[in-house]
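Novice:
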Amino acid sequence: MAKLILTHEVTGLGAAGDVVEVKDGYARNYLLPRNFALTWSKGGEKQVESIKTARAAREHASLEDAQKQAAALSAKPVKLVVKAGETGRLFGTVKQGDVADAVEAAGLGKIDKRKVELPTHIKSVGSYQANVRLHADVAAVIELDVVAGK
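Position 136, counted from 1, in the sequence shown is what our numbering calls 141; the numbers after and before it change by one each time, with no gaps.
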């Protein structure tokens, strides 16, 4: 088992700044190459505090603010204009940052792209859903309308 310090939130494992123990293969093949974690050390304990303070600054100030934004995000669909061919297939794929930018452009507030979860790869026009974790206790489901643009 490998002892790691998470630098990003990993679904089902923990939040940034948490110290976790995972199997060696999971650490070596997934977490470490993607910079989701650092190997634990005595000196690494100092980094835990800086990671936690940075995470606290990015999080919503209160649970009530997160609930208000979740209600606003779930209320209306977000239109996402992307380049697509004549058959409706996209040139590329929709990423978490694209969803975060579309939410901000729609006037629904600013969200962190790292908090957006896309359950499937979006490679064609249509309607999709995305999950957003706004707070430890609050998650919202966004309706995405992917339409072809220039």
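Heads up, the beta-carbon is just placed ideally off N, CA and C, and yes, glycines get one too.
Note that this is a predicted model, so its numbers are computed, not measured.
Consult DSSP for residue 145 and reduce its assignment to one of helix, strand or coil.
Specialist: Strand, per DSSP.
Novice: Going by C-alpha distance, which of 105, 92, 118, 116 is nearest residue 171?
Specialist: Residue 171 falls outside the range modelled here, since the chain spans only 6 to 155, and no answer is possible.
Novice: Are the CB atoms of residue 44 and residue 7 nearer to each other than 9 Å?
Specialist: Yes, the pair counts as a contact, with Cβ atoms nearer than the cut-off.
Novice: Under the assumption that residue 133 contacts residue 149 (Cβ atoms under 8 Å), give the Cβ distance between them as a whole number of angstroms.
Specialist: So it is a contact: roughly 4 Å between Cβ atoms.
Novice: Just curious, the beta strand (DSSP E) that residue 131 is in, first and last residue?
Specialist: First-last of the beta strand (DSSP E) with residue 131: 131-140.
Novice: Can you list, in chain order, the stretches of the beta strand (DSSP E) that have 3 or more residues and sit fully within the segment 72-106?
Specialist: DSSP runs (the beta strand (DSSP E)) wholly in the segment 72-106: 83-88, 94-99.
Novice: Measure the CB-CB distance between residue 121 and residue 110 and report whether it falls below 9 Å.
Specialist: No, the Cβ-Cβ distance between residue 121 and residue 110 is not below 9 Å.
Novice: Taking the alpha-carbon positions, what's the residue 73 to residue 38 distance?
Specialist: So the two alpha carbons sit approximately 36 Å from each other.
Novice: What does a CB cutoff of less than 8 Å around residue 53 pick up in its chain, not counting 5 residues either side in sequence?
Specialist: Same-chain partners within the cutoff: 10, 22, 24.
Novice: Is it buried or exposed for residue 140, if we count other Cβ within 10 angstroms and need 16 for buried?
Specialist: With 16 or more Cβ atoms within 10 Å of its Cβ, residue 140 is classed as buried.
Novice: Run through DSSP, which three-state label would residue 116 get?
Specialist: Of the three classes helix, strand and coil, the one that applies to residue 116 here is coil, per DSSP.
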